[in-house]
Amino acid sequence: MKVSYFRFLFATIALLSFAGCDDNEGDSQVDTELNAQILEAFSLNVAQASYNDLKSKASELNDDIETLSASGGRTAVNLEACRASWKAARASWEQTESFLFGPVSTEDVDPRIDTWPVDFNVLEAQLDSNNDFTPEYIDELLEDQKGFHAIEYLIFGAEGTKAAENITDRELEFLTALGANLKNLTAQVADGWNPSIDGNYHELFVNAGNGSTSYETQQDAFAELVGAMAGICDEVANGKINEVYEAQDPTMEESPFSQNSITDFTYNMIGVRNVYLGKYSADGIGLEDLVRKHNLQLDGQIKAAIDAAISALDNITDPFGEAITSQPVQVQNAVEAINALGALLDDGDDLVNTDLAGFVVQHTK
Amino acid sequence: MRKEKIVIRFVILLGVIVSIYSCIEPEPLAESDFSEWLSGGSQTIFNSGAGAFSSAFPDLTDAREEVHEIGDGAFEQTFVSAPAPINPGLGPIFNNVSCTSCHINDGRGKPPVNGEQLSSLLIRLSISGTDAHGGPNPAPGFGGQLQQRGIFGVATEAYMKIEYTETEYSFSDGETYSLRNPTYTLENPYIALPGDLMISPRVAPPVFGLGLLQAIDEADIVALADVDDLNGDDISGKPNYAWNVVEGKKTLGRFGWKAANPSILQQTAGAYNEDMGITSFVFPNESSYDQSQYDGLGDEYEISDSLLHAVEFYIRTLAVPARRNADNTTVLHGKQLFADAKCAACHTPRMRTKVDVAFPEISNQIIFPYTDLLVHDMGVDLADNRPDFDASGQEWRTSPLWGIGLTRVVNGHQNFLHDGRARTLMEAIMWHGGEAEQSKEFVRTLSKNDRDALIKFLESL
């Protein structure tokens, strides 16, 4: 991602100019109390709320897998329940991808729950083996043999049409172990933000500019938020969608067995909105409130761009792996809409602060 | 001079004027100080968050940025065992499945915890003697690196076990600190280990800023060397000339913990080959060649020339994060102590890249990497006792310090040195020995306030 040289040069100089003064006239634009509230609200209403939801959705998936695996449980209804709860957990996880920093990244959880592709040769070999799928054994497995997509393969099947009666005992054993592993890892991330657990990320984040060892200034924490939002736009538009589209290669698609890719992308965009509004379920103060205080136009542009990105994804009606050839215009429109949103969040090289990244440089410190 | 630079100069000048007129105290930064904020010269980025090590050079043209993005994608690509529709070729033996699995967020790895095998630390192996090019002599049946992973059904070479012994020391003001000393054991080898096996553990280093380090003129690096310590400061500094696979001769080594790697291309291709089992035009043979794990398939390269070059370009064009708080009083005091302790004798603050008209982004830049790219004797406690070309078993390359203060936010830990044994910046300092003994001793006798200032300075880098 490009970062504007000029913008920061200006900002640095602006800061230098103000830093020299004892009075506060230069800081009149920066409301550090409001900014602290926004960071606190992000941690509480977005990060903790999202990760706690993910944790409970993964736990429900694990329960449904256990039901499927129980004696006499191999029914179409139980398999459908697993698929539904897999999709629900997936929806929750994809929303958290709009803030991929903190424990999910530093504890290396992301690759262990969401790596694509899966190593099918090894997966099949595991099923053919007599290996005991203990929790420790799963812990030691490489990241391309576990997590969402390995589970997806087992419950949907390579063609997405697996029948409950065709699921083998070994598949159920492996699935059960993978479900428990996913449950534990998502709980680990949720705990990582839990204010009542030692060494939690909440403390580091909300104390930005107030003793945090990771964020020396509030501005650093705001830049982290904006960078993460812009980062997922870049990832979805230029990675998840455009790489597959340009290669015209459906085998590169993530979530192919469940045909869930477009839904994944949409939840990524909803995740961006969550961060901006400071809302997952409970609503509170958010970045939105800082922007609205100073720049209603930017606020309107960001919200419209999020809506446009989501509706461009809605316009892709075929499964993504097919749409790259059957609906090229819609796919290209989605790439453009998401990139337009990304540019509004952080345009990389603009002399004028018309994007959110420039805005937070101006209104935080 | 490019127009953009004139604009920057103008803006700086304007800024200085504005600063002076906005109030009287304190003095504005002089231009020379100002540029110290820009650790990577014009290729500095202003990001002090989780993505601090992951930004492209700020002024790449769109076409060049596209190549960077392609390399970025490949850097994150997960390899799987063949045959597979995408990314086949992993193994048969390997350490990890993607570049980013070890270089998380393009940053620093750490040793495994609680006996886990998967980690961003690997073990180099050799036996006494040298290979045909004067480099480490590969261990028969194991090669030059331990692969503790294999694809399904393939024997892993051995498992690695790390045990730590804690020893307590104290600063001269009485405050104690503890250092953990690792012992490495290879367990369950698939065949007997050679009797004279030498091992060298290495964590994955950060990968940003390497394009600028590669662009420093060889003459400038060699000029800093003082192999026989002619100036009598007890600090020598030696260039490590290592085998350049592409050029077919020895050239100056710059990369890796012992500067035994001459280029980003070779480092990248070597990592693909040894760490993931991916062959390329630079290293066409599987790492398991000549071993029982080898599948005998002398097939085509598993990464294409162009993709390998894209990954090389990606790494070459990862920008350096700017400093924070460089004008803070405590930081400036720490900076003075850094010089007084002679840390800067090896951690050379300022370097200049050579003119390269074909690569304007890295051409003629003043950068602040805090390394001389030379190898130094670091004492017996840090020694791996495994020579690597001209670097002896006690010598290590001076690690760049730029960006080191962002390790926590990028990687969530503070594990430093070649095997991540240090758990804080202060522990890393106190592990220094050999040529750095006097510097360590200087720090040991500092007051608590001064020690804190020194750390504060390092964290501003």
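Same order as they appear, the protein sequences are chains R and Y.
For reference, each letter of the first sequence is one residue, going 1 to 365 in the numbering used here.
For reference, each letter of the second sequence is one residue, going 1001 to 1461 in the numbering used here.
From the three backbone atoms N, C-alpha and C, an ideal C-beta is built for every residue, glycine too.
{"Item": "Give the interface partners of residue 122/R over in chain Y, defined as CB-CB distance under 8 Å, in chain order.", "Value": "1080, 1081, 1151 and 1152"}
{"Item": "Can you list the residues of chain A that residue 238/R reaches, using a CB-CB cut of under 9 Å?", "Value": "Of the protein chains in this structure, namely R and Y, none is chain A."}
{"Item": "Closer than 9 Å by beta-carbon distance: list the chain Y residues that pair up with residue 159/R, in chain order.", "Value": "Simply none; closest approach about 14 Å."}
{"Item": "Whose C-beta lies closer than 7 Å to the C-beta of residue 1379/Y among residues of the same chain, with five residues either side of it excluded?", "Value": "1394, 1433, 1434 and 1437"}
{"Item": "Can you name the residues of chain R whose CB is closer than 9 Å to the CB of residue 1041/Y?", "Value": "The contacting residues do not exist; residue 1041/Y stays about 11 Å from chain R at best."}
{"Item": "Excluding five sequence neighbours on each side, which residues of the same chain lie with their C-beta closer than 7 Å to the C-beta of residue 98/R?", "Value": "228, 229, 232, 268, 271, 272, 274 and 275"}
{"Item": "Since residue 1371/Y contacts residue 1399/Y with CB under 8 Å, what's their CB separation in whole angstroms?", "Value": "6 Å"}
{"Item": "Report back the beta-carbon spacing between residue 1281/Y and residue 1299/Y to the nearest angstrom; my notes put them in contact at under 8 Å.", "Value": "Contact doesn't hold; Cβ gap of about 14 Å is too wide."}
{"Item": "Which value, in whole angstroms, describes the spacing of the CA atoms of residue 320/R and residue 254/R?", "Value": "9 Å"}
{"Item": "On the CB-based measure, 16 or more other CB atoms within 10 Å of its CB, does residue 294/R come out buried or exposed?", "Value": "exposed"}
{"Item": "Taking just the CA atoms, how far does residue 1312/Y sit from residue 1318/Y?", "Value": "10 Å"}
{"Item": "Alpha carbon to alpha carbon, how far is residue 277/R from residue 284/R? Give it in angstroms, no decimals.", "Value": "8 Å"}
{"Item": "I'd like the list of long-range same chain contacts for residue 363/R, defined as Cβ closer than 7 Å, with 5 residues on each side in sequence excluded.", "Value": "29, 30, 290 and 294"}
{"Item": "Closer than 6 Å by C-beta to residue 1026/Y: which residues in its own chain qualify, once you throw out the five before and the five after it? Chain order, please.", "Value": "The predicted position of residue 1026/Y is uncertain, since its pLDDT is 44 and thus under 50; no value can be drawn from it."}
{"Item": "Which residue's Cα is closest to the Cα of residue 1389/Y: 1089/Y, 1211/Y, 1252/Y and 1091/Y?", "Value": "1252/Y"}
{"Item": "Any contact between the stretch 114 to 128 of chain R and the stretch 1148 to 1160 of chain Y? By contact I mean 3 or more CB pairs, one from each, below 8 Å.", "Value": "yes"}
{"Item": "Can you confirm whether residue 1242/Y, when its beta carbon is compared against all beta carbons of chain R, has any partner nearer than 9 Å?", "Value": "no"}
{"Item": "Just to confirm, is the Cβ distance from residue 367/R to residue 1100/Y under 9 Å?", "Value": "One cannot answer for residue 367/R here, as it falls past the ends of chain R, which runs 1 to 365."}
{"Item": "Are the CB atoms of residue 1069/Y and residue 1098/Y nearer to each other than 9 Å?", "Value": "no"}
{"Item": "If I'm right that residue 1247/Y touches residue 1060/Y with Cβ under 8 Å, what's the distance once you round it to whole angstroms?", "Value": "In fact, because the Cβ distance is near 27 Å, the residues do not count as touching under 8 Å."}
{"Item": "Need the endpoints of the beta strand (DSSP E) that residue 1129/Y sits in, please.", "Value": "1121 to 1130"}
{"Item": "Measure the C-alpha to C-alpha separation of residue 1113/Y and residue 1420/Y and round it to an integer number of angstroms.", "Value": "11 Å"}
{"Item": "From this set, 1079/Y, 1309/Y, 1134/Y and 1199/Y, which residue's C-alpha is nearest residue 1277/Y's C-alpha?", "Value": "1079/Y"}
{"Item": "Against chain Y, with Cβ distances strictly below 9 Å, would residue 132/R count as a contact?", "Value": "no"}
{"Item": "Using three-state DSSP, classify residue 170/R as helix, strand or coil.", "Value": "helix"}
{"Item": "Using three-state DSSP, classify residue 1097/Y as helix, strand or coil.", "Value": "coil"}
{"Item": "Are there 16 or more other CB atoms within 10 angstroms of the CB of residue 215/R, so buried, or fewer, so exposed?", "Value": "buried"}
{"Item": "Going by DSSP in three states, residue 1273/Y sits in which element: helix, strand or coil?", "Value": "helix"}
{"Item": "Which residues, in order along the stretch 1311 to 1326 of chain Y, keep a beta-carbon less than 9 Å from a beta-carbon of chain R?", "Value": "1319, 1322, 1324 and 1325"}
{"Item": "Measuring straight from C-alpha to C-alpha, what distance separates residue 1223/Y and residue 1353/Y?", "Value": "14 Å"}
{"Item": "In chain order, what residues of the same chain lie with their CB nearer than 8 Å to the CB of residue 23/R, ignoring the 5 residues before and after it?", "Value": "A caution first: residue 23/R carries a pLDDT of 38, below 50, which makes its placement in the model unreliable, though a value can still be read off. Contacts found: none."}
{"Item": "If I follow the unbroken beta strand (DSSP E) through residue 1375/Y, where does it start and stop?", "Value": "1375 to 1377"}
{"Item": "Between residue 178/R and chain Y, is any beta-carbon pair separated by less than 9 Å?", "Value": "no"}
{"Item": "Using 9 Å as the threshold, is the C-beta distance between residue 1039/Y and residue 1322/Y below it?", "Value": "yes"}
{"Item": "On the DSSP bridge assignment, give the partners of residue 1416/Y in chain order.", "Value": "1422/Y"}
{"Item": "Does the contact criterion of 3 or more C-beta pairs under 8 Å hold for the stretch 1286 to 1302 of chain Y versus the stretch 1450 to 1461 of chain Y?", "Value": "no"}
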